[in-house]
Structure formats: C-alpha cells, structure tokens
Amino acid sequence: MSDRTPLLFMPGLLCDTALWGHQLATLTDVAEMTVADMTQDDSIDAMARRALGAAPDRFALCGLSMGGYAAQAVMRLAPERVIRLALLDTAPGPDTPERTVGRRDLMARAAAGDLDGVIDHHMTGFIAENRQDDGELTAIVRDSARNVGPEAYRRQQTAIINR
813 MSDRTPLLFM PGLLCDTALW GHQLATLTDV AEMTVADMTQ DDSIDAMARR
863 ALGAAPDRFA LCGLSMGGYA AQAVMRLAPE RVIRLALLDT APGPDTPERT
913 VGRRDLMARA AAGDLDGVID HHMTGFIAEN RQDDGELTAI VRDSARNVGP
963 EAYRRQQTAI INR
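Using the working numbering, you'd call the opening residue of the sequence shown number 813 and step up by one each time.
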C-alpha cells in the first residue's frame, strides 16, 4: 500500500492533462495522480460521474475553473469519497445571461473553424497578464486547447451553460 495520497485533477475549459504537467512531474513522491477526462460529456454532472467512475474509493480532488464546477458536483454526489478539496479559479453559480451569449458566440466561431481565434480570446482569461509573454506556459495552454478541439469545446461550453 502506498503512502501517497490519491489525487484527482479536474481540468478547466479547453484544458487536458498537459495543463497539470508540472504537478504530475513534481508531486509523485506525495501523490498518486490522475487527470479526469473532461472532454466527453456535455453536462457537469456527467463529467463528475465519469470522474467518480475512474477515481479510487477515497481521493483528494483539485478542480480548475470548469473542473471546479465538476468538483462541486462530485462533492454533491459523493462527498464521503473526497478527503481534501481544492477549488481553483471557479464559481458556485451560473453565468449571467450576457456571459451565456458570449459562450454561444465562441462556440459558433469554433464550429466555423476559428478555434485558434477562440483560443486567442481565452488566453487573457486563462493566463495572468504578467505571464502572457511566457512562451512555455502559453504553448502548453494553446497545445492543450488544440488537443481538446472544437467538438469537445462545444460539449464543455454546453455543460457550463447548463450548470
């Protein structure tokens, strides 16, 4: 039996395992880490259920942004399984109507083939202003977003809108 804590990361919008690369590389002595697949489902509860299905019986949970919405759903569905919780840059409630309109516009742009433009739009929200010129960081975020792709982006935005 390992002394390492099982730790489940739940990525945010347009993010995949690459986003957690530094944590996956440096926390191996204290945590058995997995990253939830947040690309397959179009509802926050479905994302939470998928993550719970792949998670060990008890685990620490870290949710970023959209992953935080799903982490909150995990806490609603199976709080007894979570031994620690970290919610990063997330919110408990729904979007404003204006934010929903903006999300739908971005979904349409991605569907029309402008995923790179959509990624450009999100970069200022994803990365702090003082890190926008960090080539390594921006490359990780851009590559992650391209890996997620427009179809999963549509599912993710749909889940966020309907939360």
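Virtual Cβ for every residue (Gly too), placed ideally from N, Cα, C. Bear in mind the structure is a predicted one, so any value in this text is a computation, not a measurement.
### Task
Just tell me which of Ala843, Gly833 and Asp828 has its CA closest to the CA of Pro816.
Here residue 816 is Arg; the residue named in the question, Pro, does not match the sequence. It is Ala843 whose Cα lies nearest to the Cα of Arg816.
### Task
Rounded to whole angstroms, what's the CA-CA distance from Ile939 to Thr950? Just pull it up for me.
Distance between the alpha carbons of Ile939 and Thr950: 8 angstroms.
### Task
Confirm, please, whether the CB-CB distance from Ala867 to Ala848 is below 9 angstroms.
Yes; because the gap between Cβ atoms is below 9 angstroms, this pair is in contact.
### Query
Going along the chain, which unbroken runs of the beta strand (DSSP E) with 3 or more residues stay wholly within the stretch 826-850?
The stretch 826-850 contains these whole beta strand (DSSP E) runs: 843-847.
### Query
Is Ile931 helix, strand or coil by DSSP?
Here DSSP, grouped into helix, strand and coil, assigns Ile931 to helix.
### For Ile973, the nearest candidate out of Leu831, Met919, Glu892 and Thr829 (CA to CA)
Taking the Cα of Ile973 as reference, the smallest distance to any Cα among Leu831, Met919, Glu892 and Thr829 is reached at Met919.
### Query
Looking at C-alpha atoms only, which residue of Leu819, His933 and Gln835 is the closest neighbour of Arg915?
Nearest of Leu819, His933 and Gln835 to Arg915, Cα basis: His933.
### Message
Is it buried or exposed, Asp928, if we count other Cβ atoms within 10 angstroms and call 16 or more buried?
### Response
With fewer than 16 other Cβ atoms within 10 Å, it is exposed.
### Message
Would the stretch 849-858 count as touching the stretch 903-912 if we require 3 or more Cβ pairs under 8 angstroms?
### Response
A contact between stretches requires three or more CB pairs, one per stretch, nearer than 8 angstroms, and the stretch 849-858 fails this requirement with the stretch 903-912.
### Message
Suppose you measure from the CA of Arg921 to the CA of Arg888; what does that come to, to the nearest Å?
### Response
Rounded to the nearest angstrom, the two C-alpha atoms are 33 angstroms apart.
### Query
Where does Ala890 fall in DSSP's three states?
In the structure shown, Ala890 sits in coil (DSSP, three-state: anything other than H, G, I, E or B).
### Task
Within 10 angstroms of the Cβ of Ser956, are there 16 or more other Cβ atoms? Answer buried if so, exposed if not.
Counting Cβ neighbours within 10 Å, Ser956 comes out buried, since at least 16 surround it.
### Task
Just grab the DSSP bridge partners of Gly875 for me.
Answer is Met822 and Leu899.
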